[in-house]
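**Q**
Residue numbers (UniProt numbering): 1 to 359.
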């Protein structure tokens, strides 16, 4: 079992949920140059079009939620947007497929320059390749601006050297506010903010750009509004009924006595940052849960992500499609009562994600 170091995020002693051996954090450019020597390095100013050729957020097999800690074994096709990073037969972290050539994972999974890895999709058992299994290697990667080894910006984008091919077992996830746009998953150039306006005696809500002052505002169709469920806001505390789905190949207990090779999934209540701070404070851990984070867990514990699950997805179902809400980062132990798991809030990083991959 690989050792797991503690990430100090301000005053916290929360642990990252990665199986990778951690190396000292280096400057992003030099780190990436070492990890991907001989390949093109993606600069933050670089923009590239990467088209979808498939709808997003669709799974072709139904699932029933009964370990991840407290979850159940997945079947092929149930979580088709999940992938994992593998190095020399060791599963390091989870990842989520955004498009044919892009996956998103946790930035702390990118901290060891010695780890050459490949990205594996369409496989539920890491020891048993199937006809659905697909592999790719990273061409380059970028960690989110502001990442310093803690949770608040703990995401990274990985560009693949060869594209994934869509099938019932390999599919992209939707990003927040992704409409049904001709069968393509496109991130619109705006952040949420609403204003009513009357068109032909019909009042529709108008999305107002905040991050992109020169972006054209977009009037949503009724179908778009239903899919987006635009009254939701991940920056606010979640209603108690909001449940997400997490998945991964990590440890099944905090002690690390059992590690699965088969993908596990779990349905779990999602908690906003304000409520999460209260949970940790009540549990005796005054953790600095920033507004870049969301949490997921139950008061009695017993359900959570754990070591090895970092980088994997927290998704929400909206009108039959699944949307990426968070990336697994860590927590205080695994599945402890009153100490929920911590996830990076994808909504907070949409402008950066879009500027990097531009779709």
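The beta-carbon is built from N, C-alpha and C at its ideal position, and this holds for glycine as well. Since the model is a prediction, treat every value here as computed from it, not as a measurement.
1. From this set, 309, 341, 164 and 144, which residue's C-alpha is nearest residue 350's C-alpha?
2. Excluding sequence positions up to five away, which residues of its chain have a Cβ less than 6 Å from the Cβ of residue 174?
3. How do the stretch 91-99 and the stretch 288-297 stand: do at least 3 beta-carbon pairs fall below 8 Å, yes or no?
4. Taking the alpha helix (DSSP H) that residue 357 belongs to, which residues open and close that run?
5. Would residue 258 and residue 125 be called neighbours here (beta carbons separated by less than 8 Å)?
6. When the distance is taken between beta carbons, is residue 243 closer than 8 Å to residue 269?
7. Residue 282 by DSSP, collapsed to three states: which one?
8. With DSSP run on the structure shown, which of helix, strand or coil describes residue 296?
9. Would you call residue 108 buried or exposed, if buried means 16 or more other Cβ atoms sit within 10 Å of its Cβ?
10. Check whether the stretch 118-134 and the stretch 336-344 are in contact - that is, three or more C-beta pairs closer than 8 Å.
11. By the three-class DSSP mapping on this structure, what secondary structure does residue 315 have?
12. Residue 267 and residue 334 - do their beta-carbons sit closer together than 8 Å?
13. Tell me where the beta strand (DSSP E) around residue 331 begins and ends.
14. Just to confirm before moving on: does the CB-CB distance between residue 170 and residue 80 stay below 8 Å?
15. In terms of alpha-carbon separation, which member of 77, 116 and 149 lies closest to residue 88?
16. Are residue 78 and residue 120 close, meaning C-beta to C-beta below 8 Å?
**A** If we stick to the structure as given:
1. In the chain shown, residue 350 corresponds to position 350, counting from 1. Among 309, 341, 164 and 144, the Cα nearest to that of residue 350 is on 144.
2. By 1-based counting over the chain shown, the position of residue 174 is 174. Closer than 6 Å at Cβ, skipping near neighbours: 56, 57, 185, 321 and 323.
3. Of all C-beta pairs linking the stretch 91-99 to the stretch 288-297, fewer than three are shorter than 8 Å, placing the two stretches out of contact.
4. In the chain shown, the residue the question calls residue 357 occupies position 357. Residue 357 -> alpha helix (DSSP H) spans 350-357.
5. The count along the chain shown starts at 1 and reaches residue 258 at position 258. The count along the chain shown starts at 1 and reaches residue 125 at position 125. No, they are not a contact pair.
6. Start at 1 with the first residue of the chain shown, and residue 269 comes out as number 269. Start at 1 with the first residue of the chain shown, and residue 243 comes out as number 243. Yes, they are a contact pair.
7. Your numbering for residue 282 matches position 282 in the chain shown. Helix.
8. Your numbering for residue 296 matches position 296 in the chain shown. The answer is strand: DSSP assigns residue 296 an E or B state.
9. Mapped onto the chain shown, residue 108 falls at position 108. By the 10 Å Cβ count, residue 108 comes out buried.
10. no
11. For the purposes of this step, residue 315 is taken as the residue at position 315 of the chain shown. Strand.
12. Counting from 1 along the chain shown, the entry for residue 334 is found at position 334. Counting from 1 along the chain shown, the entry for residue 267 is found at position 267. Cβ atoms of residue 334 and residue 267: not closer than 8 Å.
13. Here residue 331 is taken as the residue at index 331 of the chain shown, counted from 1. Residue 331 -> beta strand (DSSP E) spans 321-331.
14. Here residue 170 refers to the residue found at position 170 of the chain shown. Here residue 80 refers to the residue found at position 80 of the chain shown. Cβ distance < 8 Å, so residue 170 and residue 80 count as in contact.
15. By 1-based counting over the chain shown, the position of residue 88 is 88. Among 77, 116 and 149, the Cα nearest to that of residue 88 is on 116.
16. Position 78 of the chain shown holds residue 78. Position 120 of the chain shown holds residue 120. No; because the gap between Cβ atoms is not below 8 Å, this pair is not in contact.
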